[in-house]
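Going by our numbering, the sequence shown runs without a break in its numbering and finishes at 120. Input: a single structure, listed below in structure tokens.
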Amino acid sequence: QVQLAESGGGLVQAGGSLRLSCAASRIIFQLNAMGWYRQTPGKQRELVARINRGGTTNYADSVKGRFYISRDNAKSGVYLQMNSLKPEDTAVYYCNAGPLLSEPGYYWGQGTQVTVSS
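Shown next, in the form of structure tokens:
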């Protein structure tokens with residue numbers, strides 16, 4: 003049973019925008035903070051942004067002012083609007099759910115590739 007499913011990745015030129023979506027099972031969405039992480043080959047998975055049930059957000063310094071996380075309680079969805087993309091944003095992006103705003107939780111999606119060309 004798929005509990006987190008990402009979509010919206012793709013290839014974009016530097017300076018462009020993409021919007022990632024994550025569809026969550028309802029119970030997971032209702033009980034948890036939601037977040038986005040990214041990973042490149044040979045590196046650890048890193049925080050991009052998280053949002054708790056009350057709407058408080060937490061962003062990595064590298065994406066502040068360019069990326070925006072939001073959640074839609076009616077759709078059990080979490081979204082990542084990525085603007086002013088840079089080649090260094092290229093990674094596999096993963097959706098995550100867990101109780102804390104400050105760290106990832108147990109539930110992970112399968113990932114979606116984002117490639118930013120220079």
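Just so you know, even glycine gets a beta-carbon here, dropped at the ideal spot from N, CA and C.
Of the residues the options, the one placed nearest residue i, counting alpha carbons only
| i | options | result |
| --- | --- | --- |
| L66 | S86, P101, Y81, P43 | Here residue 66 is Lys; the residue named in the question, Leu, does not match the sequence. When each option's Cα is compared against that of K66, the closest is S86. |
| R40 | L102, R28, E8, R55 | E8 |
| G2 | S120, W110, V118, T117 | In the structure displayed, the chain extends from 3 to 120; residue 2 sits before or after that span and is not available. |
| N60 | S119, L82, K88, P89 | L82 |
| V4 | C97, S120, V118, S104 | C97 |
| R55 | Q112, N75, L49 | N75 |
| Y2 | L33, G18, S120, G10 | There is no way to answer for residue 2, as the model of the chain reaches only from 3 to 120. |
| E48 | E105, V118, G11 | E105 |
Enclosing alpha helix (DSSP H) for residue i [first to last residue]
| i | result |
| --- | --- |
| L2 | Summary: the structure shown does not reach residue 2, with the chain confined to residues 3 through 120, and so no result is reported for it. |
8 Å Cβ cutoff met for residue i and residue j
| i | j | result |
| --- | --- | --- |
| T92 | T42 | yes |
| L6 | A26 | yes |
| A62 | A51 | yes |
| L20 | V80 | no |
| A99 | I29 | no |
| I53 | R68 | no |
| A16 | K88 | yes |
| T58 | L103 | yes |
Continuous beta strand (DSSP E) stretch holding residue i: start and end
| i | result |
| --- | --- |
| E8 | 6-9 |
| Y61 | 59-61 |
| R52 | 48-53 |
Whole-Å CB distance - residue i paired with residue j, under 8 Å assumed
| i | j | result |
| --- | --- | --- |
| L22 | Y95 | 6 Å |
Sheet register partners of residue i (DSSP bridge)
| i | result |
| --- | --- |
| Q15 | S119 |
| G79 | A25, D74 |
| Y166 | Nothing can be reported for residue 166, as the shown portion of the chain is limited to 3 through 120. |
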